[in-house]
Amino acid sequence: MTDLTVLKQRLSEAEEALHQLLTGQKEASVNVGGFGSITYSAANQSELVRYIAQLKLDIRRQERGIGRRALFVEF
């Protein structure tokens with residue numbers, strides 16, 4: 054699992070990239086860890102929004118320690 058500080062840094066970069074796209078810049082790049090970077094444009098802005106949502110979910114799970122767990126019910 055990725056470190057919480059790394060996730061927060063990636064989220065910050067992704068939100069900055071989205072801001073750049075929304076304010077008229079044609080392209081914005083986001084670093085994706087050791088995998089290089091992805092360049093987003095207005096055409097694939099929705100992918101960037103999904104990436105931001107996933108990062109927020111991952112951060113929330115790490116901060117709360119909540120993930121998917123089995124639920125057992127007894128009667």
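Residue numbers (my numbering): 54 to 128. Virtual Cβ for every residue (Gly too), placed ideally from N, Cα, C. Just so we're clear, the structure is a prediction, and the values are computed from it rather than from any experiment.
Going straight from the alpha carbon of residue i to that of residue j, what length do you get?
i     : j      : result
Leu74 : Glu68  : 10 Å
Ala84 : Ser65  : The sequence as given places Asn at residue 84; Ala does not occur at that position. Cα to Cα, the separation comes out at about 11 Å.
Thr58 : Gln115 : 10 Å
For residue i, does the three-state DSSP call read helix, strand or coil?
i     : result
Val83 : strand
Thr76 : coil
Thr58 : helix
Nearest to residue i by alpha carbon, out of the options?
i      : options                         : result
Thr76  : Ser65, Phe128, Gln98 and Asp111 : Gln98
Ala96  : Ala106, Lys79 and Asn84         : Lys79
Leu52  : Phe128, Val126 and Ala106       : For the chain, the structure presents residues 54 to 128; residue 52 sits outside this window and is missing.
Val102 : His72, Arg117 and Phe128        : His72
Using 9 Å as the limit for Cβ to Cβ distance, is residue i near chain D?
i      : result
Asp111 : The chain labelled as chain D is not found in the depicted structure, where only one protein chain is given.
Are at least three pairs of beta-carbons, each pair with one atom in the stretch 83-91 and one in the stretch 108-117, less than 8 Å apart? Segments in contact, no.
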